[in-house]
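Have a look at the structure below, then the notes.
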Amino acid sequence: MKSLLVNDIKKTFKLSKKQQKIEQTSDTKKIALKGVSFEAKPGEIFGLLGPNGAGKTTALRCIATLIKPDSGDISVDGYGVQHDSNEVRKRIAFLTNEMKLEDHFTPNYLFRYFSKLHKVDPKEAEKRKEYLFNRFGIDKFQEVKVADLSTGMKQKISIAISLVHDPDYIIFDEPTNGLDVLTARTVIDYLLEMRDAGKTVILSTHILNVVEKLCDRVGIIIEGEMKALDRLENVQNMAKDNSLETLFFELVEQSAVNEHV
Ligand SMILES: Nc1ncnc2c1ncn2[C@@H]1O[C@H](COP(=O)(O)OP(=O)(O)OP(=O)(O)O)[C@@H](O)[C@H]1O
Ligand SMILES: [Mg+2]
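The sequence shown maps to residues 404 to 664 in this note's numbering.
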């Protein structure tokens with residue numbers, strides 16, 4: 404029962420005139436997900452790998468109950484995202500680059516605010532804050548306003564805050580995007596630690612190296628379709644030279660060819 408199941412989700416967005424212009428298309432709709440399925444289990448890191456616009460963020464936002472898929476279903480430990488969204492939210496952490504921390508608050512304030520929001524016992528929240536702030540080197544900056552902090556520090560604070568309620572499912576959209584190698588390493592090490600503690604980690608990325616270093620299982624998503632889905636070594640074995648990079652380019656190319664047929 405303990406797993407996250409995504410079953411055949413589809414999502415189409417209506418495009419406004421402005422979006423049509425940005426996307427350089429006369430289409431009034433964009434099919435972001437064309438029936439995506441996968442499962443993520445405790446003690447595993449699942450990587451959703453795909454180029455820009457593939458549908459990664461859309462899929463993760465559906466799981467995080469922020470948007471509804473048009474069809475298909477998603478469940479977390481047996482709770483459906485549509486009908487039991489509160490139970491789902493209790494169990495997941497969701498982090499995306501679109502979420503911005505308010506400039507004029509301090510890490511201490513934000514952590515306490517979000518612990519209250521998640522109804523975490525205040526004593527427990529203080530303990531978690533101590534642990535996470537120490538783990539991510541936030542200690543020294545606890546009382547510094549967000550506006551005065553570096554990009555990497557802001558990202559680490561966002562991560563710490565997303566984990567206030569000690570969730571079993573950690574869903575991170577491009578967690579190392581824009582981070583220097585040292586900060587990225589801190590984040591990667593933490594995700595490995597969470598996996599080893601039996602949590603389920605789901606991350607999206609377009610960086611092959613992150614997948615190769617980190618993921619136990621991988622799904623390659625292109626143009627809203629899952630093109631490969633298996634254990635990392637099995638996916639690598641799909642390429643002539645056992646390289647994820649070769650396979651990734653092949654799949655992207657195939658998809659571009661199919662588009663023009
Ligand atoms: N709210 C929206 N309205 C209209 N189109 C959208 C919306 N959200 C996403 N899309 C479109 O759906 C497609 C998939 O977007 P999505 O953000 O899921 O891709 P992604 O794989 O996360 O890409 P990236 O690597 O650039 O973050 C894109 O073509 C995008 O423009
Ligand atoms: Mg995205």
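C-beta atoms are modelled at their ideal positions from N, C-alpha and C, and glycine is treated no differently. Owing to the predicted nature of the structure, the values given are computational and were not obtained by experimental measurement.
Environment of residue i [buried if 16+ CB atoms lie within 10 Å]
{"i": "Thr589", "result": "buried"}
{"i": "Ser607", "result": "buried"}
{"i": "Ser561", "result": "buried"}
{"i": "Phe652", "result": "exposed"}
{"i": "Gly453", "result": "buried"}
{"i": "Val584", "result": "exposed"}
{"i": "Gln639", "result": "buried"}
Between the CA atoms of residue j and residue i - distance to the nearest angstrom
{"i": "Val491", "j": "Arg620", "result": "22 Å"}
{"i": "Arg538", "j": "Thr586", "result": "12 Å"}
{"i": "Thr431", "j": "Ser474", "result": "20 Å"}
{"i": "Lys532", "j": "Asp542", "result": "9 Å"}
{"i": "Asp487", "j": "Asp506", "result": "33 Å"}
{"i": "Pro570", "j": "Ser429", "result": "42 Å"}
{"i": "Ile495", "j": "Ala467", "result": "7 Å"}
{"i": "Lys503", "j": "Cys465", "result": "19 Å"}
{"i": "Leu654", "j": "Lys630", "result": "7 Å"}
{"i": "Pro578", "j": "Asn500", "result": "8 Å"}
{"i": "Phe544", "j": "Leu535", "result": "13 Å"}
{"i": "Phe517", "j": "Val523", "result": "9 Å"}
{"i": "Glu662", "j": "Leu463", "result": "25 Å"}
{"i": "Ile624", "j": "Gly438", "result": "11 Å"}
Inter-residue CB distance, residue i and residue j (contact presumed, cutoff 8 Å)
{"i": "Ile448", "j": "Leu617", "result": "5 Å"}
{"i": "Ser565", "j": "Leu498", "result": "5 Å"}
{"i": "Gly450", "j": "Arg598", "result": "Not a contact, Cβ separation roughly 12 Å."}
{"i": "Asp411", "j": "Ser440", "result": "5 Å"}
{"i": "Gly458", "j": "Ala435", "result": "5 Å"}
{"i": "Leu582", "j": "Gly622", "result": "Actually they are not in contact, since the Cβ atoms of Leu582 and Gly622 sit about 23 Å apart, beyond 8 Å."}
{"i": "Leu635", "j": "Val614", "result": "7 Å"}
{"i": "Met641", "j": "Leu632", "result": "No, Met641 and Leu632 are not in contact; Cβ-Cβ is about 11 Å, not under 8 Å."}
Residue nearest to residue i in terms of C-alpha spacing, selected from the options
{"i": "Ile425", "options": "Gly456, Gly438 and Leu436", "result": "Gly456"}
{"i": "Ala550", "options": "Lys522, Thr509 and Ile623", "result": "Thr509"}
{"i": "Glu626", "options": "Val660, Leu407 and Leu594", "result": "Val660"}
{"i": "Asn511", "options": "Lys557, Glu628 and Leu595", "result": "Lys557"}
{"i": "Lys602", "options": "Tyr572, Leu407 and Thr460", "result": "Tyr572"}
{"i": "Phe416", "options": "Lys433, Leu552, Ser646 and Pro525", "result": "Lys433"}
Original post:
Around ligand 1, which residues pass a check of Cβ closer than 6 Å to any of its heavy atoms?
Top reply: Phe416, Leu418, Gln422, Lys433, Ala435, Gly453, Asn455, Gly456, Ala457, Gly458, Lys459, Thr460, Thr461 and His609
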